[in-house]
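Undergrad: Numbering (this note's numbering), first residue to last: 844 to 1016.
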Amino acid sequence: MKIRKGLYLPERIVFVIIFFILIIFGVQLSKAQPHFSPYNKPTSRSDGQGAYWKSSDLGLTETQRKTLESLQRAYASEAFPLRMELMSLRFELRHLIRDSNIPSMTLLERQRKISELQGKLENLSLSYQIKARSIFTEKQLEQLPPDFSMGMGTGFGIELGKGPRSGLRQQGK
């Protein structure tokens, strides 16, 4: 009689399949996803829905809530055309930069327009954040996260200082 020293290939395959099934079904989805800390909640979308102040425990009065919603709608209606124009100019610049026949002055002019539009959008965002700040009480303001934009951010998902903006990269680095 011959003594086996290990598992045969079909037995190994079955063992591996069972092992992976146990791992897959053993993971609890609620544990696999990191939870949001109070200062790491998703604050807002570009349409202003899902804003932190709408879903938080700030203790807003109905008047505060309605005023903030109205302010957010006004901001969105002013910011949307600027964002669309900014997106269009960025797309145009990306297209033009690939054409070697386009003079560099034209490219620089497009970039200047983009910078002006970004400045307008940042100023608009700040002015509405200042208006929104006046709606909150001191206690409510203390409860807001430090980087909270009150649902009036400047861009499509990445706000100022929150994206990978390291400038131009040098070759070889």
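Even glycine gets a Cβ: it sits at the ideal position worked out from N, Cα and C.
(1) Report, in whole angstroms, the separation of the C-beta atoms of residue 936 and residue 953, which I expect to be a contact under 8 Å.
(2) In this structure, how does DSSP classify residue 803 when only helix, strand and coil are distinguished?
(3) If you check the beta carbons only, do residue 929 and residue 961 fall under 8 Å apart?
(4) Hey, how far is the Cα of residue 912 from the Cα of residue 933?
(5) Does DSSP classify residue 980 as helix, strand or coil?
(6) Skipping 5 residues on each side, what residues in its chain have a beta carbon closer than 8 Å to that of residue 949?
(7) Helix, strand or coil: which one does DSSP assign to residue 931?
TA: So, from the data block:
(1) In this structure, residue 936 and residue 953 form a Cβ contact; the two beta carbons are roughly 5 Å apart against a cut-off of 8 Å.
(2) This structure cannot speak to residue 803, because the chain is shown only from 844 to 1016.
(3) Cβ atoms of residue 929 and residue 961: closer than 8 Å.
(4) Across the structure, residue 912 and residue 933 are spaced so that their CA atoms are roughly 30 Å apart.
(5) It is coil, neither helix nor strand.
(6) For residue 949, where only same-chain residues beyond five positions count, the Cβ hits under 8 Å are 939.
(7) Note: residue 931 maps to helix in three-state DSSP.
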